[in-house]
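Residue numbers for the sequence shown follow my numbering, so the first one is 32 and each next one is one higher. For glycine and all other residues, C-beta sits at the position ideal for the given N, C-alpha and C. Model, not experiment: these values are computed from the prediction. Contents: one structure, followed by commentary.
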Amino acid sequence: MNSLTLPGLIDVHTHLRVPGGEHKEDFATGTAAALAGGVTMVLGMPNTTPPLSTPEALALAHAAARADARCDVGLFAGASPQAIGQLTAVAPHAVALKIYLNDTFGPLRVEDVPTLRACFRDWPRAKLIAMHAEKQSVAVGIGLAAAYARPVHFCHISRREEIELIADAKMRGLPVTCEVTPHHLFLDQSHAARLGPLGDMRPVLGTPDDVAALWEHLNDTVDCIATDHAPHTLAEKYSAAPPPGVAGLETSLVLMVTAVVQPRAPHQRLTLERLIELMHTNPRRLYNLPAQPETRVEVDLTPTTIRNVGMHSKCGWTPFDGMPVAGRVQRVILRGQVVYEDGQVLAERGAGRLIGDA
Ligand code: NCD
Ligand code: ZN
Ligand code: ZN
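Pasting the structure below:
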């Protein structure tokens with residue numbers, strides 16, 4: 032086995048930074064990074080400037096995505112107490128709703144019950160609600176899923192206590208799902224200490240026991256792998272007030288493939304079938320995303336090392352620089368066209384489709 036062929040991967044958690052953060056990333060560079068990582072469809076998060084909480088802001092981001100995206104893109108709407116009156120007006124234009132319960136990059140935050148109640152009553156039932164929820168906020172999200180009998184998806188679950196709570200809720204039949212990131216699977220606190228600001232993100236890197244819990248639950252409780260691709264410039268990262276977040280689109284598949292073909296530890300093992308469920312089938316089902324016919328990713332299984340040089344993300348750095356992996360993305364085909372080959376992104380700006388704007 033010296034190569035693998037996979038369906039086009041779907042990353043349901045990326046920050047493409049438009050509008051307002053174009054110096055960190057834009058649709059052209061973010062979707063180039065996606066293709067370089069074997070990802071042919073991305074969902075973009077709403078914590079932009081201004082945030083995607085009004086039809087106007089979403090329309091601005093959609094126009095930019097239509098012009099610039101090289102792979103398919105859908106966008107989240109962001110819940111905000113200030114703009115809660117516009118929730119039903121933004122809903123037709125977004126793939127899903129994002130609620131930030133805890134502190135992280137950007138101004139979006141929901142800390143009051145009336146806003147949560149409005150979200151759960153008024154957001155269309157056909158569209159998912161996703162949450163940035165840490166520690167006991169996960170219990171809040173599970174409670175809301177139960178109270179309103181509607182699905183809640185938990186972003187970037189990173190701690191043993193969180194994944195165990197979600198496992199318990201699933202056992203009870205509650206409609207909850209979750210994603211984990213490659214950085215929470217492959218890095219821990221010891222890396223955070225070495226990486227400094229380049230190893231800082233929300234949620235922060237966990238203890239070795241947290242990391243072990245995520246691997247333990249990868250075959251049952253975890254629904255998808257999502258990168259939380261959150262690029263910030265090196266200058267920002269080395270400033271007095273470094274923003275949390277790390278890039279992930281270009282490294283996610285090669286890291287997960289490493290768990291399939293040369294696991295670094297016996298418990299860090301994954302089957303190829305499970306990888307495809309976590310990175311394609313489940314993301315598509317959860318967010319009700321369209322099929323991409325004649326789309327595939329070819330991975331060359333020659334061991335290599337992740338490097339900052341040659342990255343397509345505008346930020347130009349990864350916390351995995353120097354990490355050995357089992358292969359590299361060789362070729363990506365989207366709707367019958369070769370869109371990436373041997374380090375070169377071949378898709379033009381605007382070749383990607385916008386998803387979910389009614
Ligand atoms: C994200 C960002 O930079 O937008 N940062 C992060 O550390 N994960 C925000 C988020 O996903 O919480
Ligand atoms: Zn988050
Ligand atoms: Zn994020």
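When we look at the beta-carbon of Thr-60 and count the other beta-carbons within 10 Å, is it buried (16 or more) or exposed?
-> Around the beta-carbon of Thr-60, 16 or more other beta-carbon atoms lie within 10 Å, marking it buried.
Can the beta-carbon of Ala-257 be found closer than 8 Å to that of Thr-208?
-> Result no, Cβ atoms of Ala-257 and Thr-208 do not sit closer than 8 Å.
Helix or strand or just coil, what does DSSP make of Ser-84?
-> Note: Ser-84 maps to coil in three-state DSSP.
What separation, rounded to the nearest whole angstrom, lies between the Cα atoms of Gly-387 and Pro-123?
-> Between Gly-387 and Pro-123, the C-alpha separation is close to 8 Å.
If you count every other CB in all the chains shown that lies within 10 Å of the CB of Val-277, and 16 or more means buried, which is it?
-> Looking at its Cβ environment, which holds 16 or more other Cβ atoms inside 10 Å, Val-277 is buried.
Over the uninterrupted alpha helix (DSSP H) stretch that includes Thr-289, give me the two end residues.
-> Residue range 283–292 is occupied by the alpha helix (DSSP H) that includes Thr-289.
Mind checking which residues open and close the alpha helix (DSSP H) that includes Met-72?
-> Note, Met-72: premise wrong, no alpha helix (DSSP H); beta strand (DSSP E) at 70–75.
Rank Pro-82, Ile-307 and Ala-110 by C-alpha distance to the C-alpha of Ala-161 and give the top, closest one.
-> With distances taken between Cα atoms, Ala-161 lies closest to Ala-110.
Would the beta-carbon of Arg-359 be found less than 7 Å away from any heavy atom of ligand 1?
-> It does not: the Cβ of Arg-359 is nowhere closer than 7 Å to a heavy atom of ligand 1.
From the DSSP output, in three-state form, read off Tyr-371 for me.
-> Note: Tyr-371 maps to strand in three-state DSSP.
Nearest-angstrom Cα separation, counted from Ala-357 out to Thr-71 = Roughly 21 Å separates the two Cα atoms.
What alpha helix (DSSP H) runs, 4 residues minimum, are completely inside the segment 243–321?
-> Counting whole runs of 4 or more residues, the segment 243–321 contains the alpha helix (DSSP H) stretches 265–268, 283–292, 303–307 and 313–317.
So, is Pro-297 buried or exposed, given that buried needs 16 or more other C-beta atoms within 10 angstroms?
-> When all chains shown are included, Pro-297 counts as exposed.
Euclidean distance between Cα positions of Arg-338 and Ala-95 | Near 29 Å, if we compare the C-alpha coordinates of Ala-95 and Arg-338.
Mind checking whether Pro-138 and Pro-82 have CB atoms under 8 Å apart?
-> Yes.
Pick from Gly-347, Thr-135, Val-360 and Thr-349 that is closest to Pro-334, judged by C-alpha positions | It is Val-360 whose Cα lies nearest to the Cα of Pro-334.
Using the C-alpha atoms, what's the distance from Thr-264 back to His-54?
-> So the alpha carbons of these two residues sit roughly 8 Å apart.
Gly-68 vs Leu-284 beta-carbon contact at 8 Å = Cβ atoms of Gly-68 and Leu-284: closer than 8 Å.
Whole-angstrom distance between Arg-300 and Val-291, CA atom to CA atom | Their Cα atoms are separated by approximately 6 Å.
Cβ-heavy atom distance between His-214 and ligand 2 below 7 Å?
-> No; taking the cut-off as 7 Å, the Cβ of His-214 has no heavy atom of ligand 2 nearer than that.
Report all residues from its chain with a CB closer than 8 Å to the CB of Gln-117; omit the five preceding and five following residues, and keep chain order.
-> Residues of the same chain with a CB within less than 8 Å of the CB of Gln-117, apart from the 5 flanking positions on each side, are Ser-84, Thr-85 and Pro-86 in chain order.
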